[in-house]
Structures are given as structure tokens and as C-alpha cells.
Amino acid sequence: MKKIIVALFIVLVFSNVDTKSQIRTTREIPSLKIKNDDGQQNKVMLADLKVDVAIFGNMAKTTMTMVFENKTNRDLEGELTFPMPEGVSVSGYALDINGKLRQAVAVDKNKGTEVFESIETRRVDPGLLEKVEGNNFRTRIYPLPAKGKRTIQISYSENLGMESDQAHYYYLPLNYTNAIENFALDIHVFQDSHKPDFTEKPDGSLAFSHQNNNYTASLRKQQFQSQRNLVIQLPIDSKGSSGLIQANNDKTFYFLANASVNSVKPTQKKWGEDIGIIWDRSLSGKNRDIEKELALLDLFFKQNPNMRVELGLLDIQFLKGPTFHVRQGNWDELKSYIKRMDYDGGTDYSQLKTGVIHASDYLLFSDGLSTFGQSEISLENPVYCITSSNGSDYGVLKQIAQKHIGKMINLTNTSVNQAYNNLNTVDLLYLGIKEQHDFEEVYPQKGTAIQANFSIAGIGKRPGLKQLTLLVGDGQHTPKEISITLHPDHGEIDLQQIWAQKKIEALDLQYDNNREEIETLGKQFGIVTRNTSLIVLENVEDYIRYAITPPAELLPQFNALQKEHAIEREERVANLLDKAENSAEQLRSWWQTNFQQKKKYPQRDKPLESTDYMAVEEIANGATSVTPIPSRPSASPVAAARAEELRSSDAASGKRMSVGGNSNTVNAATSELAMAAASDDALQESVVVQSLEERVAGVQTGNSINNIRGKISIPEIKEDQAYLQELNQSKDPYKSYLQLRNQYMGTPTFYFDVANFFYKRGNKQKALLILSALADLQIENADLYKTISYKLREWGDYDNALFITAKVLKWRSMDPQSHRDYALVLQDKGMFKEALEQLYGILTQSYSPEAADRDEGIEETLLMEINNIIKSNKAASSNVDVNKKLIADLPVDMRVVINWNSQNTDIDLWVTDPNQEKCFYSNPATAIGGRLSNDFTGGYGPEQFLLKKALKGKYKIEVDFFNDGSLTLAGPAAVMAEIYTYYSSGKQERKIVTIYLDRDKERNVGIGEFSFQ
């Protein structure tokens, strides 16, 4: 079996279709992207698709079974993505295990990610479906086996809305670009007194047959390809109100009621003489249906023909645009301006503040994704949020509208005419149930704004109830009563999941306050939420090991093994304090060692054959400028395979060595050097020794500043890419960038390089805008956000870096590197106490054995940083209780730390001293006292180089892309190096450099140089 990551974005969607205008909703089919695509994208395809649709009244359940086929000769990794409709979540997920679909179970989101990544290293098949920002889901699929297939099944239930023609509509997009080898569609409409009809269908042969008030339709096709979708019209009674109930074991019942209040004439909103339009022009705006948004504005100005319009432009800033005057409905000037707008950068809602534009009401056209700042806005007057993007965060938009006494208009599931009617009317309110003592936990909650057709769900406390009475109105006049007859459901639809989804949707508006309850509901009812995921494990032993209750099919075996204690549960690594104490002692011992170097005298040239033994000695001592790269084990099985491929040519030469570079190696080597130094002291009369300046143990290195002075040099970043050369020759580089972007839209290195280009030329605002576009390339991509944070720190933009690192910490709190990145930005901002708490907290929390093994040796880097804060800010350290055994004064002349943004990636740090001895993973302790921390082969780093006392001369700093098994969508690895002189001496200086490394092109790249003169 192979392994699969899952993190799924799925669903097809329903849509309310206006049969008169035939304005379709803008829903997307699932899309699969191959990671590190090198021409393989078209060789992986959706081979089989089976769709089952069950409709009962106004409820529909859709189950999609997808089989993906890899026609290449190697394993690939892909990511399947698509958004869910508003208010709907995935409620079922299954993955093929040993040829059979296994159902997933709900777990805490962070635990699910940690368990998945732990199991992944053992070459088994976990599956994980996650909700990411917005109402979006995604799944990474690895492996897509060479010449093989993988099967995924997704289920979701939805409450169908009612249109103005008194009908419900079900919508399913089927306009797949490539032909599907085997396609099957089965539709069941249960107990309907009116025959359903197709207003759009993918094949002319699709038709309903009728039996006992049940309707069915089926379609089987090979090489299926259609430009049309599936739209089912479901006529309803003129009353438009109906209810379903499902009994529980405790004599309570869940109910779902669909109601129509078309008879209540809504109050029309009175608009003022001015309107503020806030237009989100960030990069994600390119995913909106701009034409549909303009069509809505066209209706608006036809009904409000004379208005003054103040335009606000939103990306990572909020700027005032031109003011327009609409006369007699003519808004051509404004429309033309919007059509010419360029979309670029991330989005920062926190920039939306009073005073930039002024109006009595605001229309915010955006997707609700604030990728570069907090999601809260500060405007005084009503805000109407309008979205046309499938990937929108509906919860954020609803929260903004609710807080600012406006509305959220969703153009993805309604026609333009209906959207305008919703915008132009004062909301009715759901005011409760007349028989209030018979029901509880009813959602939406009392006082919620509703549309003419709405649904509620709740729990009935008294068995035998046949009817309930809903109350609706404007909150000021006598409520209207709507009677709902309750009919028993026969199990076709899971009402408890529908109820749970509605409650989660209501709680999500105040997510921070309701986080725990949302998680509880997600786990109990198997619903994917912001902090619950669905997971599939390969065998029952893994369910026991990670304390996850398995699906029903495995429960008997699970319970038997639990009772026998046959399988040990995972023993988490409780904390790293013991290791940190040991590392602190080793660092003290290293720092107190007197390192000396034997003086080398010049030699005359000799024929090569007579100096073979010298060449061998020089290679072993690192004295040659070309040092072969030894092999070593990788933490990732994928990385190991990749490393073997990279090393194949070198292996044939017979120059490979097997050396493990870790903290034990460093300590052993340091001990040997110390012994050698002592031996040299005893033989000073017979051996000429060149001592380091001021080599008295314990003397602080700050004194060396009086004798030699160190400085850091960073090389110029090459601009040899074709697009950078074109920008360099352009009279309008930004315009040229926008034109070139179409060729590189999904390529992170393009934005990274172009941001550098503008920053170097002094256009810092454009540089920041282009860099922030990385946040809009893919939702909730920690690798891309890490890249952004590295560059922001390099540029000294610590405010934005704090937000970015906080997001990564939220997504990946199980990684010590996420805490460390956040802590270092806190330190940059002068928040020393908070930074110290974060760093020290890394040593006290628990980790999975796999994560602890992956990050073995991180304590050494953390200790240097903890002690750096303690020494530089005594007040901060006095407020944080740090283990006294960890505190050490360890000033050094040189310190280099590298980090990178991708897991399962092996980046190496090399530092070559003036004697041409290279400190790297197979030579982690040098003759002059250079010390390299543990070699990280499967995580994010960090790797650290220290030198207490610097010799005069130059030190070359390089990074080597040894190996990559991450197959990340973030592209080549981004590497950040922090380079210090006189670290923790009170006079430290720092430079930061960030570069992208391509695993196939860039080895041992120079990133800096120390010069001590």
C-alpha cells in the first residue's frame, strides 16, 4: 500500500437557478494539480466518477466517488481542491485501503495533521481531509502510484433553497475539461407528489421514471465529456412550507422545517444620495465573477439613478479612489474604471477604517479572505458584503455585515435579480417558535435575519408533535405565524448532521468564543470544521496507537486489542528540558575550550604521484576547496529515494563516505580537539603552535573587537531570469510585470524575484504588494507564508511579519519551528517577555516521537536564542521562570542560522574558514573551534554555526540543497539565513538574506561572507 495525504477541498454544489433569466451560479468542478509539475499534469486524470444524489423534500445528499489514474512510470503527488457552498460542510469521507473503501472518523485538526505526518514516514496509507480558510476543503494525494489508481469518496448534505417560481433547485457541475473513462450518475427523488424536471442535463438520454411517488434517473457513459451541468427543478406545493422529523433513542427528535414568507411584503430599503464602493483589488479578486458583480451594480444604479459614489481600493492598503457622479442611471465612467482595474497583492481588512472614504452606506465587493491582516474592519455606517467567489469565507463576510448592520449577498448561489432584491429590502427576522417550551437548540437563532425562503433545524422535546408554528417579522410589528406540519423521515437524509451544520454555522460567527463547542460538534457528528478533520488510518493498530476511535467496521478488533493491551499507545516526548540541560552543558564545555591550530608552512610543488597521500590527508581535513558531499540517512522515505537519485553519479566514483552529522558527532569531535590542544600545550617546545588571540578560557569575545573587527558581506542576488531582464529594460516595470504574470501566475519564485527587483530599486511599497501576492496563490499554505515572513524580516517589516508568523503558528502549532519563527519576530519587535515565553515553551510542550526525532538537536539553537534574550533584556527574563541550568553567557564572534520553508527537505549549512577547513555535516567541529549543530534532514531546520573566537581572514558561508522529498506546491525551497557578528556580546550585528533554491539546479550557493581584519 502507498500513503496518501489528504487534505481535501471538495464538493460539488447546489445552486438556485432562475429559470426565466437562466443566470447560472458560478460553481467549479474539482481540480487536481500535480506538485512540482514537470509535464506530468496531463498524465494524471479522473478515470472514473460515480455520483449518487438522494433528494427528499428540500434536502439533498450527494456522494461522489472519484478514481484518479496515474499513467506515468513514477509515483506522483497531487492536490485535489474545490470549495463548498455557503453553509455546507463535508460530512463523509472514505479512502481505498487494500482495495476497499474505509470510512473516516473525526479528530482534532492539529492532531490529525500530526498523526498523518507521523504515519507518513512509515510508508503506509493515512488519509486526512481538512477544512482550510473560507468554506474550502482540500486533499493532497500521495502517492498516485505509477501506472496505478487511487479512490476517494466524499459526501455532503445540503438544504435546497426555493426560487421565485415556487421550486427548489439542485445543481451539480459536470463540465469536465477532459473525458472521463467511466461515468455513472444515479438520482433518487423520494416521496414527491410533483414530478421533478431537468432544466439542464449533461446528456439527452437522462430522464425520470416514476414509481410510488419516487422518481429515479440514471446515466452510464464511457469517455464522458459534457459542456452542460445537471440542474433539477423540484416543484413544491403553493404553501411552500414543510417539515421532517427523525426520532432519537431518548424520545426526543431532530426536526428540519422549510418555510416560505412570500406573503409578507418586505420593506424596501431607502438609499441615500451617496454610496461608498469598496473594491477588493487583491490577486484573489481575479477569481471573482466580476461581470456578475457589475450586473448587480447595473441594477442598483437603474433603481438609484442619481448618486455620488466614493470608490475605495483595497489590497494590503485601503486607498481613496476617484469620486464619480451617476446621473440618470449612467455609470459608464465608474464601470470603465473598474473594468480596467489590475488585481495584485494580498488583502488586509484591518486597513478598512473610517476616514478614507465617506458615505451613508458601503458596498464591499470581496471574498472574505484577509490574507495579509486581521479580518476585522472599523467603519461606522452599514456595510453590505457582496461576494461572487466560490472560495469565499462566508462566515467572515456575515460577521462583518452583522456587526455593521448590513447584509451578506452571495452571488454564487443566486441570480442577479434575486441578489438585488435581497440587497434592496430590509431583512425579515426569525423571531422564534410559538411552542417554545416544546423545542430547544433551534438554529438559526432567534433574531437572525432571514430571506423569503428559509429553513430552521432543532430538537423536539416531546414525542408525537405533528406541528410547529414559526414567528417572523420586522421586530417592531406583530409577528406573522407560519404553521409547519412535521412528517417522519425514513432515513434517506441524516437530519442530525443537518442540525449540527446549522449550529456550527451559527457558532462560527463568534468562532473564538465557540471554538471548543464547534470542535465537540464536529467530532460527534463527523463534520469537518475549522478545527476538526476526518482521518482514515490503514490498520487497527494505528487507531490504538494514536488513541483514535475507528469506524464501525474495525470496532470489534479495536476493542479486543485494547482489552489485551496488545498494542502500545504512542508515547509522546513529554518535554525537551533534559536534552536542553545536556546541550547547555556541552555548549559551556565547548565555549571554555582553548582551540589552537598548528602552523602550516609553505611547500614546494611536487609531482602528483608523489603526493597522493597528502591529497588524501587534505581531503580528510577539509583543506581542499572541492569537498565531496557524504551521504547520510534521510528522515523521509521520499527524500531518501530522491537523495539516492541525486547521488548516483557520485557513488560511481567511489568517493562517498557515510558520516552521521549530529550533536553527538559535534561533541565527540570537540572533545578530541580539546585533548589535542592539551597535548600541544605539553609539547610546545618541540611543536611550533600559532595560538588564537586572547585564548584565555572564559574571556568574553567582545574584547576581540579592540583587535580585529568583523563585518558581514551579502552578495548581490543574480537577476539572470528572463523576466527580470525584461523588467530591467522596461520603461514601466510594474506594467511589464503585470503582463508577464500571466505566464507565471502560479509560480512563487516569480513573485519573490520581482518583489526583490522592486525593493532593490527603492520601490518598497510595490515590492511589498507583489510579495504579499504569495498569500493569495493558495489558501492556508504554510510554506508560502513562511517564505513571506522570511522576506519581511529581511526587510525589517516586523509588524506584517508578526501577523504572518502567527498564521503559520495557528495552522501548524505542532511544529517547534512555528513557535520559534513567531518568537523571533516578537523579539524583533522588542516584545522580549513574550518572545522568551514562546522559545522556552518549545522546550516544555510534548511532541510525537516522529516529530521529536525529526527535530533532534533543536535545543542547541534555542538555548543560544533564550540566553541572548536573557542577556539583552534582564526585565523580560525576570518575568519568565527559566530553568537555571539552561542559563549561560555564551558570546560568540560568529553565528549563522538557516531555516527553510518545506518539510522533508534537507538544506545544509557550510562555513569555510580562512584555513580552508569547511564546517559542515560531516565535519561539524573544526580545528579553530567552529561548531555546527545537528544536521536536519527532514524538517524545516534550523541549522546553526558558532565560532567563539574568529581568526583574521575571510569566512565563506554557503547553503547546499542536498535533497528534497517534499514535492511542495510552494515550489523550490526558500531558505533564510540570519548572519551575526559578536552575537550576545552587547555589540551584535545582524544581516538576513533569503533565497530560493532549486533542488535540481542549485548546489553550494554562496549567501554571505565574514571578514575579520
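Under my numbering, the first residue of the sequence shown carries the number 313, and numbering increases by one thereafter.
Even for Gly, the Cβ is constructed at its ideal location relative to N, Cα and C.
For residue i, does the three-state DSSP call read helix, strand or coil?
i, result
"residue 1259", "strand"
"residue 800", "strand"
"residue 396", "coil"
"residue 1302", "strand"
"residue 691", "coil"
"residue 1317", "strand"
"residue 1059", "coil"
"residue 1310", "coil"
"residue 1208", "strand"
"residue 1143", "coil"
"residue 1176", "helix"
"residue 1324", "strand"
"residue 902", "helix"
"residue 825", "helix"
"residue 1080", "helix"
"residue 456", "strand"
What residues in its chain sit with their C-beta under 7 Å from that of residue i, if we drop five residues either side in the sequence?
i, result
"residue 1270", "1222, 1316, 1317, 1318, 1319"
"residue 672", "584, 586, 693"
"residue 896", "1175, 1197, 1198, 1200"
"residue 1104", "1112, 1113, 1116"
"residue 1046", "1078"
"residue 862", "417, 852, 855, 870"
"residue 1107", "1071"
"residue 750", "772, 773, 774, 777"
Have a look at the options and flag the residue whose alpha-carbon is nearest the alpha-carbon of residue i.
i, options, result
"residue 279", "1290, 1142, 889, 1263", "Because residue 279 is not part of the residues shown, which for the chain are 313 to 1325, the question remains open."
"residue 597", "676, 487, 421, 666", "676"
"residue 1030", "1055, 1064, 1060", "1064"
"residue 273", "1037, 1249, 346, 428", "Because the chain here runs from 313 to 1325, residue 273 falls outside it and cannot be looked at."
"residue 1303", "815, 1291, 1254, 359", "1291"
"residue 885", "1164, 851, 495, 837", "1164"
"residue 764", "770, 723, 776, 784", "784"
"residue 1187", "1037, 1072, 1142, 1213", "1142"
"residue 1252", "1241, 1273, 1260", "1273"
"residue 747", "773, 578, 731", "773"
"residue 865", "365, 415, 429", "415"
"residue 362", "492, 555, 354", "492"
"residue 887", "364, 1170, 405", "1170"
"residue 501", "659, 454, 544", "544"
"residue 800", "791, 503, 883, 874", "503"
"residue 1166", "633, 1208, 1217", "1217"
Assuming residue i and residue j make a contact with CB atoms under 8 Å, what is their CB distance in whole Å?
i, j, result
"residue 1113", "residue 1101", "5 Å"
"residue 767", "residue 447", "So it is not a contact: roughly 18 Å between Cβ atoms."
"residue 1247", "residue 1233", "4 Å"
"residue 487", "residue 538", "6 Å"
"residue 628", "residue 657", "5 Å"
"residue 745", "residue 782", "6 Å"
"residue 382", "residue 458", "6 Å"
"residue 558", "residue 808", "7 Å"
"residue 374", "residue 468", "6 Å"
Take residue i and list the residues in its own chain whose beta-carbon comes closer than 8 Å to its own, dropping the five residues that flank it on each side.
i, result
"residue 899", "1172, 1175, 1176, 1200, 1202"
"residue 1134", "1114, 1117, 1118, 1120, 1121, 1150"
Which residues does DSSP list as the beta-bridge partners of residue i?
i, result
"residue 358", "380"
"residue 469", "373"
"residue 1066", "According to DSSP, which records beta bridges pairwise, residue 1066 is partnered with nothing at all."
"residue 442", "450"
"residue 586", "620"
"residue 558", "566"
"residue 1272", "1220"
Given residue i, which residues of its chain have a CB within under 6 Å of its CB, disregarding the five upstream and five downstream residues?
i, result
"residue 1324", "1020, 1022, 1262, 1264"
"residue 427", "858"
"residue 643", "613"
"residue 360", "379, 494"
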